[in-house]
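The working numbering numbers the first residue of the sequence shown as 200 and each following residue consecutively.
Take a look at the structure set out below.
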Amino acid sequence: MTILLSDPRVAAVPVRDTGDQPVLLQAGLSHGDVWVRAGLAVRLAEAATALPDGVRLHVVEGWRPAAQQSAIITRYTAELRRRHPDAGDAELRVLASRFVAPLEVAPHVAGAAVDLTLVTADGAPLDLGTEVDATPEQSGGRCYTGSDLVVGEAREHRELMARALGGAGLVNYPTEWWHWSFGDRYWALVTGAPAALYGPMVVERAA
Ligand SMILES: C[C@@H](N)C(=O)N[C@H](C)C(=O)O
């Protein structure tokens, strides 16, 4: 059964931050500045080597400031409130967590998660079944990693991605095929680690 990020078991995982520093991902993995914890960067580099020739990882987003996480929560929760006018706050929090993590457990805010897809050697996107960041509503549920509606090449690409990233020690969030993490509370719960390795972090950006 899918464990959502709003599940109290996620917040109950202790954090023993290793102090692992934020690093910029190497240019071959992303465009623009993408910050992640060093331990995640190493594992992404390892996953990249497990892909066949002509297929590359393309990281769209890594570390995210807390204010940005809050803004996404506010925006998506407002949309859900319009769609489900009778839902209470607790129900909306659970529904929202299919697409965005509650702030207190947010893996991106810890520099412990990436949103990523697969591209060809030339950078052309491969079919993964939906756009990165398609909500459950926008995608008709196809954003769920295991969706039965995603077949053929898109299914094969999701499986390829899972072998490479899972083999390097990352875990997927099952409601978003593009979201993979290492060292956060969700990762610890799913892998059985006694504690998360990474709590929230701040990146001092160069001017
Ligand atoms: C908003 C979406 N791109 C995302 O990052 N979702 C995950 C679950 C998160 O908020 O950590």
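All C-beta atoms in this analysis are idealised placements derived from N, C-alpha and C, irrespective of residue type, glycine included.
Note that the structure is a prediction, hence the values are computed from the model and not measured.
Classified as buried, residue 268 has 16 or more neighbouring CB atoms from the shown chains inside 10 Å of its CB.
The three-state reading of DSSP puts residue 388 in helix, counting H, G and I together. Distances between the C-beta of residue 271 and the heavy atoms of ligand 1 include at least one below 6 Å. In this structure, the beta-carbon distance from residue 383 to residue 397 falls below 7 Å. In the three-state DSSP reduction, residue 355 falls in the helix class (H, G or I). With 16 or more other Cβ atoms inside 10 Å of its own Cβ, residue 399 counts as buried. The beta carbon of residue 276 lies closer than 7 Å to those of 291 and 295 in the same chain, with the five residues before and after it left out. By the neighbour-count criterion, in which 16 or more other beta carbons inside 10 Å mark a residue as buried, residue 375 falls on the buried side. With a threshold of 16 other beta carbon atoms within 10 Å, residue 284 falls short and is exposed. Of the candidates 381, 391 and 340, the residue whose Cα lies closest to the Cα of residue 309 is 381.
Residue environment: residue 200 is assigned as exposed (fewer than 16 neighbouring CB atoms within 10 Å of its CB, all protein chains considered).
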